[in-house]
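Sequence order for the protein chains is A, W and R. Using the working numbering, you'd call the opening residue of the first sequence number 1 and step up by one each time. Using the working numbering, you'd call the opening residue of the second sequence number 1 and step up by one each time. Using the working numbering, you'd call the opening residue of the third sequence number 1 and step up by one each time. Right, one structure below, let's go through it.
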Amino acid sequence: MTISVHPDRLLPGDPALRDVARELYRAVAELPITSPHGHVPPQWFADDVRFDNPTALLLTPDHYINRLLHSHGVPLESLGVGREDFTDEEARAAFRTFCSHWKEFRGTPMKYWFEEQLVGVFGLELEPSEASADELYDRIDALLATPAFRARALHDRFNIEFIATTDDPCDDLEHHRRIRQDPDWDGAVVPTFRPDKYLEVVRPDWNRDVDRLGECAGTGVDTYAGWVAAMEARRGFFKDNGAVSTDHAHLDAGTVNLTAAEAEKLYSRARSGQISTPEAERLRRGFLFEQARMASEDGLVMTLHPGAWRNHHTETHHRFGADVGADFPFVTEYVAALQPLLDAFGTNPGFKLVLFTMDETTFSREIGPLASFYPSIYAGAPWWFLDTPDGVTRYRAAVTESCGFGKTSGMIDDTRALLSIPARHDMARRLDSGYLARLVAEHRLTMDEAMDTAHDLVVRQPRRAFNLVGSD
Amino acid sequence: MTISVHPDRLLPGDPALRDVARELYRAVAELPITSPHGHVPPQWFADDVRFDNPTALLLTPDHYINRLLHSHGVPLESLGVGREDFTDEEARAAFRTFCSHWKEFRGTPMKYWFEEQLVGVFGLELEPSEASADELYDRIDALLATPAFRARALHDRFNIEFIATTDDPCDDLEHHRRIRQDPDWDGAVVPTFRPDKYLEVVRPDWNRDVDRLGECAGTGVDTYAGWVAAMEARRGFFKDNGAVSTDHAHLDAGTVNLTAAEAEKLYSRARSGQISTPEAERLRRGFLFEQARMASEDGLVMTLHPGAWRNHHTETHHRFGADVGADFPFVTEYVAALQPLLDAFGTNPGFKLVLFTMDETTFSREIGPLASFYPSIYAGAPWWFLDTPDGVTRYRAAVTESCGFGKTSGMIDDTRALLSIPARHDMARRLDSGYLARLVAEHRLTMDEAMDTAHDLVVRQPRRAFNLVGSD
Amino acid sequence: MTISVHPDRLLPGDPALRDVARELYRAVAELPITSPHGHVPPQWFADDVRFDNPTALLLTPDHYINRLLHSHGVPLESLGVGREDFTDEEARAAFRTFCSHWKEFRGTPMKYWFEEQLVGVFGLELEPSEASADELYDRIDALLATPAFRARALHDRFNIEFIATTDDPCDDLEHHRRIRQDPDWDGAVVPTFRPDKYLEVVRPDWNRDVDRLGECAGTGVDTYAGWVAAMEARRGFFKDNGAVSTDHAHLDAGTVNLTAAEAEKLYSRARSGQISTPEAERLRRGFLFEQARMASEDGLVMTLHPGAWRNHHTETHHRFGADVGADFPFVTEYVAALQPLLDAFGTNPGFKLVLFTMDETTFSREIGPLASFYPSIYAGAPWWFLDTPDGVTRYRAAVTESCGFGKTSGMIDDTRALLSIPARHDMARRLDSGYLARLVAEHRLTMDEAMDTAHDLVVRQPRRAFNLVGSD
């Protein structure tokens, strides 16, 4: 059995809309990719890596795929998750397991992205199945050994104009420096400051991590003021190394404007291990407020990804660690949670805050409305569990009517799966074209307006939201 | 560049559905407008005002438009918000600012309504832009000076059969009396009783306002019973002056059936400034319960608009006051909140309660189901942030399957923007026609049933929900 | 006026999609019905009952229909609800009342199901109306007196391959035994274990009911361990009599893993009438956890239906009892509530948990994601208030993109209305065909994949989710 990717895939099924959508899509299909937030390891580009094997590249690190296989009874260890000792034979068997479960991916974006990669990146039209698994594995493996499939070649072939990674505040950004200083390659790969673990006071390792933060910043961290100074130093270092944003993910979006006295008191209790759980939460919300204060001064865009209940299954967490598919969306609230932060910085011209969610009820109820008043707020593209054909379509329908197109972030792929980046951005362009086509068909936009907007969504909006070169 | 309004605008883009929708729409397009709840100042009709200038009429008071301009960095003061000293030159500049941001309104209902007003009310087909701003301004300004654009002429041209304003309980309703007694004009303009501020005990001015209530009612307000008597008196006065409903907007929909003793105790603490925040909330919920009790006796329909977090940005509130766009939807709950009220009055034949929401998750989860059991409850039309093409469509899809069409309120424009009223009602008729056309195409309704329903939604449902003349 | 049921009813209105949907639907239209959860009384099949009259069969027990009539001011007693003394004349009058309110059912599934029954089951094409009511009543009544309309004949005509009832743990399952041992009929009618009332400690009759549980199980119930032993005994008895699942409905989905000591302490306080409300809730959540523990051992599938606020209107409850339409959906949460249960049993190969909801916000936010990781979890079909054309369509769009088709339950009718069962399953097949057709039109599935999936949804998924014979 062969697979094929239809030229009109993801465009509206209705012929009248499809023709309009196709015209819009064609106008933006070949534009370069801007990826202001994602998780591709910078070392891949610094070292121009050659990827190990199909499983190590496409399956083991992809918690979307692992998750669904696990839900059908496939043990995570058989997919290589958390395994240092995973053999070639096991990698091949894992790929076979995946292929034999191929039909379980129907209707999911994982099927869509995988097919796009097979056909679009590898040029293979063989449908995954138990029978085809070994042939697919071998052919992909052979391609991965060729120069055209090294990290930089893929990046260039994908027409990636700008890509951001996600990095620890103590990272020395050596990979980024090497990329930047390499005369042989001109890829724009910048870091993103991700300080979550230094804010999560309840984490067992928090104290040790804060010590390390103080060391790498070269400041004392015995006081709240010291913690702030360390953060400011590291943010500055990231900014000097090209960072345009900071990324924040906590269970909720809560913020609080602590007085200096309370901040110091809570911090002191935290450092001495005597802080209560509610106090730790309060301190974390104070820390997040402080990050926004810094952002309004240093101009790094703040992106907020709240609402994931992480490591929901204890045994899975203990055996396999974090980010293996056992994270779930949780009821999320923004209007009350962000009020202290927005009251202080929401209209500050130097401040930008991109809001992401896994709780789509907030699109029309909170995120769209907030973005339609506060100059600082942009409605982030659909994220985790909503980065799907229907999820994206519901997002546009839910936010556009309050905040228009001009206060949305543009496509954010948020992925570590380098080979899926073209498919993800192409998907967004197709779906946005479909949404715009509907507005044209309903005479809410003229074709000229839709065409201009389609272009804006790819080019102008990410530049605007992330203060990139070329933004107006 | 010119704009035009297409005859099929807002009808489904799919040709098969569009033909059916068009037929349904045409059958109701010219029916008179019933507007049972809105915010047009009665003085406009009493004095048959001539409107000042395009900005004062179309921009400064429209917090939908201000909000989105503000989100793009336009200062509210430059739009005339909160300005007594706004000059003609500044008004013209504000209009230019709006026109130069025209593209940011794409996909929003503000663009739709504005175009409808330009073409449908002013007969102008010039697209707003920096280049066209002055010409548009001058041409609208010239039209506003003509008799055809005075308040009453517009009202008559818009074919408004019935319109309600929103008024303070202490209002002397002099404007309404003058309209009613004017032999030269027969517009039906009735007041609506809006007592919120007398229920919000936490407001700094609450005590002073209650004093004033006592004065205008001619009753003592030293006791809870006195407060009730004053409310009853003023409700009676409103009813004598044509009112058909009372309107209520608080952060939540909470109600409680207080004993007389607790009510008096809480009221006494409130009047003496010694009430705690939770007690004040409890008293407010008791007050709302009491309003429902009165409604079940005097027959004024109760409309409830909970769930707006008002004045979210302190500085904006201090500088510009309320209702300037810094209000946001908030998670809203009805089933638990209204249980005490519905337990007491929900099946009372004299009682009607129209539920509005800004949290669309409640359409299928709470409002539709409640309206499908309680004879008193009507599912209110989509309000603020949801009074949009897709919002209305989602509303119909979410409530109809539980409560049918016969327990929905019909179109409520809830607007102060007189010139947008035809566009808003026309929009509802178009969207309802589109929804009905889908049911016809899916063979869930016959064309005869759909035609009858389209008529009911415009004529029968507002009459039913608001006890208007002609209701069955 | 006549009614007719169109061959393409509920298929997409768009002609391009409709053709694809029709082809998919035809491939599954005639497949037998599997009904793993519902409320048809087993006595109907044991005794092969002849139904009393149209009102007693179609109206009085149907709280969907009663509810909407009540919302239009029809007293429940006039429909026979809670009436032992309901006369034939009153039954006829009730049917007339229903027919005269026929238009109020437009857009609801009650209209759809009723028409399907009229035409499909009774072969009557007369539209309900005040004028046609008596004729309809007489013609249905005459048909009910014929052998073809006895319970078993209907069951066989409906092609029901498997049907589960819902039963009290103390039920002697005599009806099921008689059916099973009857050599003249081979219908598969199995019981379902529904222990809710023995878990709801706050119920006034709880203690008495637990006493009775102990008696029927033949175990002491003075201790928590005794309660558990009694439950295990009765679950075993149900399993021996063919049960495949247990059903659980509480206000929330909360679970807690109590220590043996705390469980005994709470239980003791409960039995002695000294338990507080929060403790009673905690004990109920401990009981539910315990049921999951038993399920992971005995293999009975657990189905969970949380989130109904029951008996919302006190007077209605006192006069008419439970299940008369005064139950409403309530905000529901799963990710936190089920964490203790899933942490303990979520990956247990012997455990299955089907999650239902009346809060559709949880489809994309919680239920789909949970089913996409935990092998035990299946996303239950849309239930109460969401078992509607648009509700089902939104469900598929919301869960499929995370958990695919293979982790959904297949159609669950959950109904007592035997005559509506074919219409309900047919509706699901039509709507699923429409959803699949859209995926084909958007090139997300090939026609072969869609065809295979359509079949899976009818045949494979209920078998999988409920461990039925033939499951893979």
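Don't be surprised by glycine CBs; every beta carbon is placed ideally from N, CA and C. In this text the structure is predicted, and so the values were computed from the model without any measurement.
To which residues does DSSP link A:ALA379 through a beta bridge? In the first sequence, counting from the first residue as 1, residue 379 of chain A sits at position 379. A:LEU355, A:THR408.
Determine, using beta carbons only, whether A:THR393 and R:ARG365 come nearer to each other than 9 Å. Residue 393 of chain A sits at position 393 when you count from the first residue of the first sequence. Residue 365 of chain R sits at position 365 when you count from the first residue of the third sequence. Contact flag unset, no.
Taking Cβ-Cβ distances below 8 Å as the criterion, which residues of the region 297-325 of chain A are in contact with chain R? TRP309, HIS312, HIS313, THR314, GLU315, THR316, GLY325
Could you work out which residues of chain W lie near A:THR2, taking near to mean beta carbons separated by less than 8 Å? Locating residue 2 of chain A in the first sequence gives position 2, counting from the first residue. The contacting residues do not exist; A:THR2 stays about 32 Å from chain W at best.
R:VAL81 to A:THR400 span [Cα, whole Å]: Numbered from its first residue, the third sequence carries residue 81 of chain R at position 81. Numbered from its first residue, the first sequence carries residue 400 of chain A at position 400. R:VAL81 and A:THR400: Cα-Cα distance of roughly 47 Å.
So R:MET302 is in the beta strand (DSSP E); what residue range does that whole segment cover? Stepping through the third sequence from its first residue, residue 302 of chain R is reached at position 302. Run containing R:MET302: 301-304, per the beta strand (DSSP E) assignment.
Cβ-Cβ distance between W:ALA454 and R:PHE330 below 9 Å: Taking the second sequence and counting its residues from 1, the one referred to as residue 454 of chain W is at position 454. Taking the third sequence and counting its residues from 1, the one referred to as residue 330 of chain R is at position 330. No, Cβ-Cβ distance for W:ALA454 and R:PHE330 is not below 9 Å.
Rounded to whole angstroms, how far is the Cβ of W:SER433 from the Cβ of W:LEU24, which I believe are closer than 8 Å? Locating residue 433 of chain W in the second sequence gives position 433, counting from the first residue. Locating residue 24 of chain W in the second sequence gives position 24, counting from the first residue. Yes, they are in contact, since the Cβ atoms of W:SER433 and W:LEU24 sit about 4 Å apart, within 8 Å.
Using three-state DSSP, classify W:GLU30 as helix, strand or coil. Residue 30 of chain W sits at position 30 when you count from the first residue of the second sequence. Looking at W:GLU30 - three-state DSSP - the assignment turns out to be coil, as it is neither helix nor strand.
Straight-line CA distance for R:ASN241 to R:HIS176? Sequence index remark: in the third sequence, residue 241 of chain R carries index 241 (1-based). Sequence index remark: in the third sequence, residue 176 of chain R carries index 176 (1-based). Near 7 Å, if we compare the C-alpha coordinates of R:HIS176 and R:ASN241.
Excluding sequence positions up to five away, which residues of its chain have a Cβ less than 6 Å from the Cβ of W:PHE149? Along the second sequence, read from residue 1 onward, the residue named residue 149 of chain W stands at position 149. The residues are LEU143.
So if DSSP puts A:PHE193 in a beta bridge, which residue, or which two residues, is it bridged to? Taking the first residue of the first sequence as position 1, residue 193 of chain A is located at position 193. Per DSSP, A:ASP167, A:THR246.
Jot down the residue ranges of each uninterrupted alpha helix (DSSP H) in the region 277-323 of chain R, minimum 4 residues, whole runs only, in chain order. 277-298, 314-320
Quick check on A:SER35: does DSSP put it in helix, strand or coil? Reading the first sequence from its first residue, position 35 is the one you call residue 35 of chain A. Three-state DSSP puts A:SER35 in a strand.
What residue does the alpha helix (DSSP H) around W:LYS265 start on, and which one ends it? Within the second sequence, residue 265 of chain W is the residue found at index 265, counting from 1. Per DSSP, W:LYS265 belongs to the alpha helix (DSSP H) from 260-271.
Give the DSSP bridge partners of R:PHE237, in chain order. Residue mapping note: residue 237 of chain R aligns to position 237 of the third sequence, counting from 1. Paired residue(s): none; R:PHE237 is not in a bridge.
Would R:ASP359 pass as an interface residue toward chain W - the criterion being a Cβ-Cβ separation below 9 Å? Numbered from 1 along the third sequence, position 359 holds the residue referred to as residue 359 of chain R. R:ASP359 counts as touching chain W.
For W:ILE160: DSSP bridge partner residues: Residue mapping note: residue 160 of chain W aligns to position 160 of the second sequence, counting from 1. According to DSSP, W:ILE160 bridges with W:ILE33.
Which residues of chain R have a Cβ atom closer than 7 Å to the Cβ of W:LEU143, listed in chain order? Locating residue 143 of chain W in the second sequence gives position 143, where the first residue counts as 1. Here the premise fails: no neighbours, minimum Cβ distance about 42 Å.
Under a CB-based cut-off of 9 Å, is R:PHE385 close to chain W? Along the third sequence, read from residue 1 onward, the residue named residue 385 of chain R stands at position 385. Answer yes: the Cβ-Cβ gap between R:PHE385 and chain W drops below 9 Å somewhere.
Could you say which of R:TRP185, R:LEU126, R:PRO54, R:HIS72 lies nearest to R:ALA94 if we only look at CA atoms? Walking along the third sequence from the start, residue 94 of chain R turns up at place 94. Nearest C-alpha to R:ALA94: R:PRO54.
Proximity of W:LEU58 and W:ILE140 at Cβ, strictly below 9 Å: In the second sequence, residue 58 of chain W corresponds to position 58, counting from 1. In the second sequence, residue 140 of chain W corresponds to position 140, counting from 1. Closer than 9 Å, so yes.
What's the C-alpha gap between A:ARG102 and A:TYR112? Against the first sequence, residue 102 of chain A aligns to sequence position 102. Against the first sequence, residue 112 of chain A aligns to sequence position 112. This sequence places Trp at residue 102 of chain A; Arg is not what is there. Cα-Cα distance, rounded: 11 Å.
Between A:PRO369 and chain W, is the shortest Cβ-Cβ distance under 9 Å, so that the two count as touching? Here the question's residue 369 of chain A lines up with position 369 in the first sequence. Yes, A:PRO369 counts as interfacial toward chain W.
Can you grab the Cα-Cα spacing for the pair A:THR332 / W:VAL121, in whole Å? Translated into positions along the first sequence, residue 332 of chain A becomes position 332. Translated into positions along the second sequence, residue 121 of chain W becomes position 121. The straight-line gap from Cα to Cα measures roughly 43 Å.
Could you tell me the distance, in whole angstroms, from the CA atom of R:ASP448 to the CA atom of R:PRO389? Within the third sequence, numbered from 1, the residue matching residue 448 of chain R stands at position 448. Within the third sequence, numbered from 1, the residue matching residue 389 of chain R stands at position 389. Their Cα atoms are separated by approximately 25 Å.
Do we get a CB-CB distance below 9 Å when we pair R:GLU23 with the residues of chain W? Within the third sequence, numbered from 1, the residue matching residue 23 of chain R stands at position 23. False, the Cβ-Cβ gap to chain W never drops below 9 Å.
How many Å lie between W:ARG9 and W:ARG430 at the Cα? The residue you call residue 9 of chain W lines up with position 9 of the second sequence. The residue you call residue 430 of chain W lines up with position 430 of the second sequence. Their Cα atoms are separated by approximately 8 Å.
Taking the alpha-carbon positions, what's the W:ASP14 to R:VAL244 distance? Stepping through the second sequence from its first residue, residue 14 of chain W is reached at position 14. Stepping through the third sequence from its first residue, residue 244 of chain R is reached at position 244. Looking at the two C-alpha atoms, the distance is approximately 46 Å.
Would you please verify whether the beta carbon of W:ARG505 is less than 9 Å from any beta carbon of chain A? Any answer about residue 505 of chain W is impossible in this case: the structure gives chain W only from 1 up to 472.
Report yes or no: is there a C-beta of chain A within less than 9 Å of the C-beta of W:GLU104? Taking the first residue of the second sequence as position 1, residue 104 of chain W is located at position 104. Cβ-Cβ to chain A under 9 Å: yes for W:GLU104.
Please confirm whether W:VAL5 has its beta-carbon closer than 9 Å to some beta-carbon of chain A. Here residue 5 of chain W corresponds to residue number 5 of the second sequence, with the count starting at 1. Yes, W:VAL5 lies at the interface with chain A (some Cβ there is under 9 Å from its Cβ).
Is it buried or exposed for W:ARG106, if we count other Cβ within 10 angstroms and need 16 for buried? As a working note, residue 106 of chain W is residue 106 in the second sequence. Classification for W:ARG106: buried.
What is the residue span of the alpha helix (DSSP H) that R:PRO462 lies within? In the third sequence, the residue the question calls residue 462 of chain R occupies position 462. From DSSP, the alpha helix (DSSP H) with R:PRO462 extends over 460-465.
Closer than 9 Å to chain W by CB, R:HIS70: Mapped onto the third sequence, residue 70 of chain R falls at position 70. Yes, because at least one Cβ of chain W sits closer than 9 Å to the Cβ of R:HIS70.
Return no unless some Cβ of chain W is closer than 9 Å to the Cβ of R:THR388. Along the third sequence, one-based indexing puts residue 388 of chain R at 388. Taking Cβ atoms only, chain W reaches closer than 9 Å to R:THR388, which makes this a yes.
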